[in-house]
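Here the protein sequences line up with chains A and B, keeping their order. The first sequence stops at residue 79 when you use our numbering, and every number in between is there. The second sequence stops at residue 150 when you use our numbering, and every number in between is there. Glycine is no exception: its CB is placed at the ideal position from the N, C-alpha and C atoms. First comes the structure, then the notes that go with it.
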Amino acid sequence: MTGETKCPQVGAKAPEFLIATPDGRLPLHQLAARYQKLVLTTQDSYRYHPN
Amino acid sequence: MAASLKQDYAKMLKAGADLVMISPDSLEQHRQYALTLFGEELPYLFVSDGDLAIARRYGLRRAAEHHHGGFYYRSLWILDREAVIAHKSVPWEGNAQVDEYQKLFTLIGSEPGEWRASCGLRQPGHSHAS
Chain A
29 MTGETKCPQV GAKAPEFLIA TPDGRLPLHQ LAARYQKLVL TTQDSYRYHP N
Chain B
21 MAASLKQDYA KMLKAGADLV MISPDSLEQH RQYALTLFGE ELPYLFVSDG DLAIARRYGL
81 RRAAEHHHGG FYYRSLWILD REAVIAHKSV PWEGNAQVDE YQKLFTLIGS EPGEWRASCG
141 LRQPGHSHAS
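Spelled out as structure tokens, the structure:
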């Protein structure tokens, strides 16, 4: 792993960012509070990995 | 293919979970990606991380371009109601490996997902060239 920041660990608070939802832009923690689990997945640009 | 992804998303919602996809693509690029590959827009939430700020905060930015191109690790994170990380897989091979994809559904207490072979997912035990 050569990321600039180390990955946050299991048990840590997830770093915040804003998410556009049908109810407006929500901070991550507010969206998480609405669900039993919130799944985040990151993908590289589709132009690199079109699958 | 989009139908199975939509079915899987419905299973996530039924299990009390929601899904957010993050990539460096713009919203319009993401929309075009869905239309090109799946013939319709995808139902889950999407976040454009064009400046890779999220990638940096989550430690997902590659220092050098991957040999297939790109600077972003694929990853999977599952958060609880307090936004505490309950599970992480970095890098995540859920796009290519059936067992990795299915593990997501197990972790959120859902029925198994349907999206597989038609989009190139490999069965467990197959090597991954990328």
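When A:A40, A:A42, A:P36 and A:P50 are compared, the shortest CA-CA separation from B:Y64 is found for A:P50.
Counting along the chain, B:S68 sits inside no alpha helix (DSSP H); it lies in the beta strand (DSSP E) bounded by residues L65 to S68.
In this structure, B:M32 keeps its C-beta atom at 8 angstroms or more from the C-beta atom of B:L25.
With respect to B:R77, A:D72 sits apart: the two C-beta atoms are not nearer than 8 angstroms.
B:S43 reaches chain A at T70, Q71, D72, S73 and Y74, counting residues in chain order whose Cβ is nearer than 8 angstroms. Collapsing the DSSP output to three states places B:H107 in a strand. Taken through DSSP and simplified to helix, strand or coil, B:S130 comes out as coil.
Just measuring C-alpha positions, the residue of B:H107, B:H86 and B:W112 sitting nearest A:A40 is B:H107. The beta carbon of B:E61 lies closer than 8 angstroms to those of R51, A54 and L55 in the same chain, with the five residues before and after it left out.
Taking a C-beta distance under 8 angstroms as the contact criterion, B:L99 and A:A42 qualify as a contact pair. A:K34 sits in coil when the DSSP states are folded into three classes, being neither helix nor strand. Burial state of A:A48 is exposed, judged by a 10 Å Cβ sphere holding fewer than 16 other Cβ atoms.
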